[in-house]
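Student:
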Amino acid sequence: MPGRLVAPSMRFRHLTPGYFRVLQMQVAGELKAEPRNPLPGIAATLLAVLGLSGSCYAVWKMVEQQPPPQEP
């Protein structure tokens, strides 16, 4: 359909009545969510910082190698 925005890479869970009930119970505090391990978040942040640092270093090196412009 033209003009319609579609996100094919995003997949949502099936919106069933049972799933809505689980969400309602979580919001009401009747159902506790599993505690999350902070290690994956820390590892992802570390990898992001390393990637950004490497990218900045590469750009810095490329700019450093560029010869100064010659005046005519």
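Under our numbering, the first residue of the sequence shown is numbered 5, with each subsequent residue one higher.
Just so you know, even glycine gets a beta-carbon here, dropped at the ideal spot from N, CA and C.
What is the DSSP secondary structure of L50, counted as helix, strand or coil?
Tutor: Reading the sequence shown from its first residue, position 46 is the one you call residue 50. Correct three-state label for L50: helix.
Student: Any idea what DSSP makes of G45, helix, strand or coil?
Tutor: Working through the sequence shown from its first residue, we reach residue 45 at position 41. Looking at G45 - three-state DSSP - the assignment turns out to be helix.
Student: Measuring straight from C-alpha to C-alpha, what distance separates I46 and P72?
Tutor: Stepping through the sequence shown from its first residue, residue 46 is reached at position 42. Stepping through the sequence shown from its first residue, residue 72 is reached at position 68. Computed Cα separation, rounded: 42 Å.
Student: For G22, which residues of its own chain have a beta-carbon under 6 Å away from its beta-carbon, when the five flanking residues on both sides are left out?
Tutor: As a working mapping, residue 22 is identified with position 18 in the sequence shown. No residues qualify anywhere along the chain.
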